[in-house]
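Trainee: Listed in order, the protein sequences are those of chains A and B. Numbered per UniProt numbering, the first sequence spans residues 1 to 335. Numbered per UniProt numbering, the second sequence spans residues 1 to 335. All C-beta atoms, glycine included, are put in the ideal place defined by N, C-alpha and C. Here it is, the structure in full.
Number of protein chains: 2
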Amino acid sequence: MSAGKPTLASVAKEAGVSVPTVSQVMRGTGRISEETRQKVLEAAANQRYVPDSRAASMRSGENREIGLVINQISNPFNAEVISGAVSLLESEGYMVSILDPRDDQVRQGRQLEAFIRHGRGGLLWVPAVDTPPETFDLLRTHGIPTVTFLRRVSRNCDHVGIRNAEATATATSYLADLGHRRIAYLGGSLMTYVRKERIEGYEAVLAQRGLGPGIIWPSGDDKRAGMDAMDALLVGHPDVTAVVCNGDMVALGACYSLIRSGIQPGQGVSVIGFDDIEDASVAVPALTTMAVRPNKLGQKLAQILLDRIRTPDMPVMVSDVSAELIVRETTGAPP
Amino acid sequence: MSAGKPTLASVAKEAGVSVPTVSQVMRGTGRISEETRQKVLEAAANQRYVPDSRAASMRSGENREIGLVINQISNPFNAEVISGAVSLLESEGYMVSILDPRDDQVRQGRQLEAFIRHGRGGLLWVPAVDTPPETFDLLRTHGIPTVTFLRRVSRNCDHVGIRNAEATATATSYLADLGHRRIAYLGGSLMTYVRKERIEGYEAVLAQRGLGPGIIWPSGDDKRAGMDAMDALLVGHPDVTAVVCNGDMVALGACYSLIRSGIQPGQGVSVIGFDDIEDASVAVPALTTMAVRPNKLGQKLAQILLDRIRTPDMPVMVSDVSAELIVRETTGAPP
DNA sequence: AAAGATTGATATATCGTTATATCAATTGTC
DNA sequence: GACAATTGATATAACGATATATCAATCTTT
């Protein structure tokens, strides 16, 4: 009703008590008689009082605001990771706000600095490709508990990842078992750690089975990029009968390319994706893929961050989740 | 190197000057000799000093932290809106952090309260379905400049929307011109404002052309939901030859359903989407849709918020962007 | 009934900034 | 050379909360 926004002081005045008393009532600490408690609560409700965490965190040092820095929030896999992490953290009374530097290292730098300026209490982070080590120093200097995921950039930082090599080895073996002899690897930005690991698994199986050197095509991470890459692959290597993809988005794009070229995914050419995003099961034909439980991954992330916040001296935690082959319609024996 | 994190005081000590002097140097205000300026900058760089905006905003009242509350960040249309708004705001020195209440009104309430607690300087917001009016009062009490978009819930709040009725009228007319007589409307959560407006445009054209009462099927907003809804529609109304969809995700799901039933979208049944997300042009067959420029929409949003922040007494601003019909492969004459 | 323990509240200092006022030293004016 | 204006810095208070110490009033204990 009246002027300025509600503060402890304005509530204290209305309730006829001191500021610290109101503070204690709001937080449920200290000794307060039931009578004054009611008076204070009433005044607070009346003014729609909401405590100012900036002031609180400055004084108390505690900060229940977490940042989540992830590239490409529109990727459904990422969205699921976010959802898992946020649910857990919110249930513990933290607020999670999301930043998306869109894999631009400069923008990421700016955002992380803003992040520090605004005094966050913790960070969940997929580092952009080419993140310089100084960025970690900066976070450490300002004492921000950090967990990276998907991309491991620093050995001194808690991390949650995927058993990438294991997963692509499973995928490649499966295709080889079906009888495929020319198996390509499609997609992923050239520099990413994740892609490097996945290609290792793919190449290990090729080598082990004597299927010759790999055919490896990088691409962006969306459907359009996957489609373009597959178009190019069909021209450059018409003998390929199976493709392991760096992600479901790329795989779905590749399927579109095949359909446009009159090739039925799963009959003419087999395609395996990675992630098991929702589209993978909805698409026609439904996508065979290496499924990761992104929600679980998000929860694990959040749990490690909470542990780190509560036990700062804990040794570095690293946790890898594995992926599971889900066979749908885009894989079959070679023609 | 040393203990605690860098502050104005620690920098001042190292540079041998007072705290206000350092503050002035960091902000480029006041009168400072070049000599002390250099001393201070050096000390600040040496300690990797980053100002604490919490303290700054408390004292100065200025707050360059903006919240963006949007449901379903994984929807590519939303992701583009976000990108447009964030780019503009960041270029003006604001930090934007994203919250996703996933259309849950309770979660939204909790998040907005946390939002206020943490003292944000502005809000871009797609209100969840069923947002109670008290939520607006709360924001007003705490003096947070707010712009809603897509869903208009309060007449007293700045807003950016889409000319929904106009767009679906265009889509429906186009289908009628092609010769369709049984045109259904598919998708959208029952309660949303957006859907209501879109159905108005659809029904207006049906009435005007004497095409009888509409056939209206609600559904969720993702592909799976669109697929299920189309499955049901095929059973319930086998005479339908064209479908106007509430969004591209629903439309793409509907196409999957048609393909699975052996019907070619654009030949057997025509489908028009809404939004023009990236998938719309990549999909096979490519989707005819009502295109909105989400990036523009995001920028407009940001601009209005900035105006509101700078001119709090400005009259309520409402801006509607129009959508454009993009004909691709999922529409054609009825069989 | 005197001494100590408990209860319910408050006074004060502090977190890291910025706004305002003040102040000494230098410069300019006539 | 006296007085005002400017320069370059600092002292102080405030933002809104919390931590710590303190304190009067009440309750135990023997």
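#1: Please identify, using Cβ separations under 9 Å, the residues of the UniProt domain "HTH lacI-type" (6–60) of chain A that lie next to chain B, in order along the chain.
#2: Can you give me the C-alpha to C-alpha distance between phenylalanine 77 of chain B and threonine 148 of chain A, rounded to a whole angstrom?
#3: May I have the straight-line CA-CA distance separating residue 407 of chain B from serine 57 of chain B, to the nearest angstrom?
#4: In three-state terms, what does DSSP make of aspartate 177 of chain A?
#5: What are the complete alpha helix (DSSP H) segments, minimum 4 residues, inside the UniProt domain "HTH lacI-type" (6–60) of chain B?
#6: Would you grab the beta carbon distance between threonine 172 of chain B and tyrosine 202 of chain B for me? Rounded to a whole angstrom, and I think it's under 8 Å.
#7: Could you run through the segment 131–156 of chain B and flag, in chain order, every residue whose CB is less than 8 Å away from some CB of chain A?
#8: If you measure between the beta carbons of lysine 39 of chain B and alanine 9 of chain B, is that distance less than 7 Å?
#9: Is proline 294 of chain B helix, strand or coil when you go by DSSP?
#10: Report the CB separation of residue 339 of chain B from alanine 254 of chain B in whole angstroms; it is logged as a contact under 8 Å.
#11: Out of curiosity, what's the CA-to-CA distance linking alanine 333 of chain A and isoleucine 263 of chain A?
#12: Write down the C-beta distance between valine 81 of chain A and leucine 297 of chain A rounded to the nearest angstrom, noting that I regard them as a contact closer than 8 Å.
#13: Just to confirm the assignment, what range does the alpha helix (DSSP H) spanning tyrosine 256 of chain A have?
#14: Once DSSP output is grouped into helix, strand and coil, what is the label at aspartate 228 of chain B?
#15: What are the start and end residues of each continuous alpha helix (DSSP H) run of 4 or more residues lying completely inside the segment 132–179 of chain B, in chain order?
#16: Can you name, in chain order, every residue of its own chain whose Cβ lies under 8 Å from the Cβ of cysteine 157 of chain B, other than the five neighbours on each side?
#17: I need the straight-line Cα distance from methionine 227 of chain A to serine 257 of chain A, nearest angstrom please.
#18: Taking DSSP as the reference, what is the three-state secondary structure of leucine 99 of chain A?
#19: Which one of A:Ser18, A:Ala85, A:Asp222 has the shortest CA to CA distance from serine 281 of chain B?
#20: Could you pull out every residue in the same chain whose Cβ sits closer than 7 Å to the Cβ of arginine 48 of chain A, ignoring the five residues on either side in sequence?
#21: Using a beta-carbon distance cut-off of less than 9 Å, what residues from the segment 170–189 of chain A approach chain B?
#22: Determine the burial state of serine 2 of chain B: buried for a count of at least 16 other Cβ atoms within 10 Å of its Cβ, exposed for fewer.
#23: Considering only residues of the same chain and omitting the five flanking positions on each side of serine 319 of chain B, which have a CB-CB separation below 8 Å?
#24: Can you tell me which residues form a DSSP beta bridge with phenylalanine 274 of chain B?
#25: Evaluate alanine 207 of chain A with the Cβ neighbour count: other Cβ atoms within 10 Å of its Cβ, from every protein chain shown; 16 or more gives buried, anything less gives exposed.
#26: Could you check whether leucine 325 of chain B and threonine 168 of chain B sit closer than 7 Å to each other, using their CB atoms as the reference points?
#27: Determine, for glutamate 65 of chain B, whether the minimum Cβ-Cβ distance to residues of chain A falls below 7 Å.
#28: Would you mind reading off the limits of the alpha helix (DSSP H) that contains alanine 204 of chain A?
#29: Assuming alanine 229 of chain B contacts isoleucine 183 of chain B (C-beta within less than 8 Å), just tell me the rounded distance between them.
#30: Are the segment 63–70 of chain B and the segment 14–34 of chain B touching, with three or more C-beta to C-beta distances below 8 Å?
#31: Using the Cα positions of leucine 89 of chain A and methionine 95 of chain A, report the straight-line distance between them to the nearest angstrom.
#32: Between the C-alpha atoms of glutamate 35 of chain A and glutamate 42 of chain A, what's the straight-line distance to the nearest angstrom?
#33: In terms of alpha-carbon separation, which member of B:Arg163, B:Leu112, B:Asp100 lies closest to alanine 291 of chain B?
#34: When the cut-off is 7 Å and only beta carbons count, does proline 285 of chain B lie next to chain A?
#35: In three-state DSSP terms, what is glutamate 113 of chain A?
#36: Counting only Cβ pairs nearer than 8 Å, list the residues of chain A close to tyrosine 256 of chain B.
Mentor: The short version:
#1: Pro6, Gln47, Arg48, Val50, Pro51, Asp52, Ser53, Arg54, Ala55, Ala56, Ser57, Met58
#2: One-based indexing of the second sequence puts residue 77 of chain B at position 77. One-based indexing of the first sequence puts residue 148 of chain A at position 148. The alpha-carbon atoms of phenylalanine 77 of chain B and threonine 148 of chain A are separated by roughly 27 Å.
#3: Since the first residue shown for chain B is 1 and the last is 335, residue 407 of chain B is missing from the structure and cannot be characterised.
#4: Stepping through the first sequence from its first residue, residue 177 of chain A is reached at position 177. Three-state DSSP puts aspartate 177 of chain A in a helix.
#5: 8–15, 19–27, 34–46, 53–60
#6: Start at 1 with the first residue of the second sequence, and residue 172 of chain B comes out as number 172. Start at 1 with the first residue of the second sequence, and residue 202 of chain B comes out as number 202. The pair is a contact, with the Cβ atoms about 5 Å apart (cut-off 8 Å).
#7: Asp137, Leu138, Thr141, His142, Gly143
#8: Mapped onto the second sequence, residue 39 of chain B falls at position 39. Mapped onto the second sequence, residue 9 of chain B falls at position 9. Result no, Cβ atoms of lysine 39 of chain B and alanine 9 of chain B do not sit closer than 7 Å.
#9: Reading the second sequence from its first residue, position 294 is the one you call residue 294 of chain B. Correct three-state label for proline 294 of chain B: helix.
#10: Any answer about residue 339 of chain B is impossible in this case: the structure gives chain B only from 1 up to 335.
#11: Working through the first sequence from its first residue, we reach residue 333 of chain A at position 333. Working through the first sequence from its first residue, we reach residue 263 of chain A at position 263. If I take the Cα positions, the gap works out to 14 Å.
#12: Position 81 of the first sequence, counted from the first residue, corresponds to residue 81 of chain A. Position 297 of the first sequence, counted from the first residue, corresponds to residue 297 of chain A. About 5 Å separates the two Cβ atoms, so the contact holds.
#13: Along the first sequence, one-based indexing puts residue 256 of chain A at 256. 248–260 is the span of the alpha helix (DSSP H), which, as asked, contains tyrosine 256 of chain A.
#14: As a working mapping, residue 228 of chain B is identified with position 228 in the second sequence. Here aspartate 228 of chain B sits in helix by DSSP.
#15: 133–141, 164–178
#16: Along the second sequence, one-based indexing puts residue 157 of chain B at 157. Within the same chain, cysteine 157 of chain B has close Cβ partners Phe136, Thr146, Val147, Thr148, Val316.
#17: To locate residue 227 of chain A, count along the first sequence from 1; it is residue 227. To locate residue 257 of chain A, count along the first sequence from 1; it is residue 257. Roughly 5 Å between the two C-alpha positions.
#18: As a first step, residue 99 of chain A must be located in the first sequence, where it is residue number 99. DSSP places leucine 99 of chain A in strand when its eight states are reduced to three.
#19: Along the second sequence, one-based indexing puts residue 281 of chain B at 281. If we check each option's Cα against that of serine 281 of chain B, A:Asp222 comes out closest.
#20: Against the first sequence, residue 48 of chain A aligns to sequence position 48. Counting only Cβ-Cβ distances below 7 Å, and skipping sequence neighbours, we find Pro6.
#21: none
#22: Sequence index remark: in the second sequence, residue 2 of chain B carries index 2 (1-based). Reliability fails at serine 2 of chain B, whose pLDDT of 46 lies under 50, so the model's placement of it is uncertain and no value is given.
#23: For the purposes of this step, residue 319 of chain B is identified with residue 319 of the second sequence, where counting begins at 1. Correct list, in chain order: His159, Val160, Gly161, Lys300, Ile304.
#24: The residue you call residue 274 of chain B lines up with position 274 of the second sequence. DSSP lists B:Met290 as partners of phenylalanine 274 of chain B.
#25: Within the first sequence, residue 207 of chain A is the residue found at index 207, counting from 1. By the neighbour-count rule (16 or more Cβ atoms within 10 Å), alanine 207 of chain A is not buried but exposed.
#26: The count along the second sequence starts at 1 and reaches residue 168 of chain B at position 168. The count along the second sequence starts at 1 and reaches residue 325 of chain B at position 325. No, Cβ-Cβ distance for threonine 168 of chain B and leucine 325 of chain B is not below 7 Å.
#27: On the second sequence, position 65 is the one that residue 65 of chain B refers to. So, interface residue.
#28: Position 204 of the first sequence holds residue 204 of chain A. Taken as a continuous stretch (DSSP letters only), the alpha helix (DSSP H) holding alanine 204 of chain A covers 193–209.
#29: Locating residue 229 of chain B in the second sequence gives position 229, where the first residue counts as 1. Locating residue 183 of chain B in the second sequence gives position 183, where the first residue counts as 1. That belief does not hold up - the Cβ atoms of alanine 229 of chain B and isoleucine 183 of chain B are roughly 15 Å apart, past 8 Å.
#30: no
#31: The residue labelled residue 89 of chain A in the question sits at position 89 within the first sequence. The residue labelled residue 95 of chain A in the question sits at position 95 within the first sequence. In a straight line, the C-alpha of leucine 89 of chain A is about 7 Å away from that of methionine 95 of chain A.
#32: For the purposes of this step, residue 35 of chain A is taken as the residue at position 35 of the first sequence. For the purposes of this step, residue 42 of chain A is taken as the residue at position 42 of the first sequence. Distance between the alpha carbons of glutamate 35 of chain A and glutamate 42 of chain A: 11 Å.
#33: Mapped onto the second sequence, residue 291 of chain B falls at position 291. Ranking B:Arg163, B:Leu112, B:Asp100 by Cα distance to alanine 291 of chain B puts B:Arg163 first.
#34: Along the second sequence, read from residue 1 onward, the residue named residue 285 of chain B stands at position 285. Chain A contact via Cβ: absent.
#35: Taking the first sequence and counting its residues from 1, the one referred to as residue 113 of chain A is at position 113. The answer is helix: DSSP assigns glutamate 113 of chain A an H, G or I state.
#36: Counted from its first residue, the second sequence places residue 256 of chain B at position 256. Going along chain A in sequence order, the residues near tyrosine 256 of chain B (Cβ under 8 Å) are Val282, Ala283, Val284.
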